[in-house]
Amino acid sequence: MPRPSRESYGDQKPPYSYISLTAMAIWSSPERMLPLSEIYRFITDRFPYYRRNTQRWQNSLRHNLSFNDCFVKVPRRPDRPGKGAYWTLHPQAFDMFENGSLLRRRKRFKLQKGEKDNLNAELAALASFNRAFLARQAGAPPPPPPAMPSASLYTPPMCPQLSPEPAELPEVATMTMLPRERPRRAFTIDALLEPEPPRSSPSPPQPVMPLASLPRLELAMPSPYMLAAQRYHAELLQAAAHALRPCYLPPPPLPVA
DNA sequence: TGATGTTTAGAAGGGG
DNA sequence: CCCCTTCTAAACATCA
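Residue numbers (the working numbering): 824 to 1080.
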């Protein structure tokens, strides 16, 4: 039986569950995370069936996002204001599907109580970090002196675990699977293998301007997911620093390839 | 106020 | 028949 391709369904209902469709959407995004509206758009763009009865299936999809531990709600980074959070897959949920097929799940992905509590605590820390970031900007302290840091300072100052690459990690490192990395087990859906039309171009690597006096995001026991989130926040700080950089300053030196 | 997110409840279907 | 997963509905809360 030929593997179904994205075009073959027409107005027929695709054989994928909402969990699969959502995972597909998240997977296809450059950052491996999407806001709800983009998940909707991914699905309606590719599967005409879901252009009808949107209230019904979107309610179901939201239910799935909240109810299933395999989906993780990441606080929206403060340099991208907007409605709703970003949704990503839990790092341990990447091989949730049997043989990489989105048609069949191995088994329900369920976090244990402790794991869930830890994750929630980490996400709460992330959210408060964001609030502090926004409060700092809203408080409008005098802008940082227009002095470009030297290239040697181009490392996030508040996430010591991030740079350089942590040399030693607790045992959780063995199961590290960061959302931005390719999965060990690739999905086999045609759509996922085709290049995505660039909807939101991923920002190129940018230099970091040290933003001291921001709260440190310190976690006693960084989980694989949290390491990814910290890396993610280091990027947003880079982007924010870039956005705040006075235009008369010369661009930072590019790393020599 | 509409979009987003959480939670509970129940029906349906497949598999062991 | 039970267990599990998926889907659907709905009430309610929260947020930009």
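Think of the CB as a built atom: it goes at the ideal place given N, C-alpha and C, for glycine as much as any other residue.
Are the CB atoms of residue j and residue i within a distance shorter than 7 Å?
{"i": "W880", "j": "K896", "result": "no"}
Relative to the C-alpha of residue i, which candidate in the options has its C-alpha closest?
{"i": "K836", "options": "P858, Y873, R900, L942", "result": "Y873"}
{"i": "N887", "options": "S840, E945, Q878", "result": "S840"}
{"i": "S889", "options": "A944, T845, N953", "result": "T845"}
{"i": "R885", "options": "F956, H913, L859", "result": "L859"}
{"i": "P901", "options": "M847, R954, M919", "result": "R954"}
{"i": "K906", "options": "F932, R928, E861, M919", "result": "E861"}
Could you tell me how far apart the beta carbons of residue i and residue j are, in whole angstroms, since I believe they sit closer than 8 Å?
{"i": "A950", "j": "P904", "result": "Not a contact, Cβ separation roughly 14 Å."}
{"i": "I842", "j": "N891", "result": "6 Å"}
{"i": "A916", "j": "C893", "result": "4 Å"}
Could you compute how far the alpha carbon of residue i sits from the alpha carbon of residue j?
{"i": "G871", "j": "M856", "result": "Checking the sequence, you will find Pro at residue 871 rather than Gly. P871 and M856: Cα-Cα distance of roughly 23 Å."}
{"i": "A814", "j": "D834", "result": "Nothing can be reported for residue 814, as the shown portion of the chain is limited to 824 through 1080."}
{"i": "T867", "j": "K936", "result": "35 Å"}
{"i": "Y832", "j": "L926", "result": "14 Å"}
{"i": "A947", "j": "N941", "result": "10 Å"}
{"i": "E875", "j": "S852", "result": "The sequence shown places Arg at residue 875, not Glu. Cα to Cα, R875 sits roughly 24 Å from S852."}
{"i": "L1059", "j": "R869", "result": "Confidence at L1059 is low in this model, with a pLDDT of 46, below 50, so the placement of that residue should be treated as unreliable; the coordinate-derived value is given next. Distance between the alpha carbons of L1059 and R869 is about 30 Å."}
{"i": "S883", "j": "K939", "result": "22 Å"}
{"i": "K930", "j": "E854", "result": "26 Å"}
{"i": "M847", "j": "Q878", "result": "20 Å"}
{"i": "F952", "j": "H913", "result": "20 Å"}
{"i": "R864", "j": "P838", "result": "18 Å"}
Threshold first: 3 residues or longer. Then list the beta strand (DSSP E) segments lying entirely within the region 844 to 871, N to C. Note on the region 844 to 871: whole beta strand (DSSP E) runs with a minimum of 3 residues are 856 to 858, in chain order.
May I have a chain-ordered list of the beta strand (DSSP E) segments no shorter than 3 residues that lie completely inside the region 866 to 952? Fully enclosed beta strand (DSSP E) runs of 3 or longer: 894 to 897, 909 to 912.
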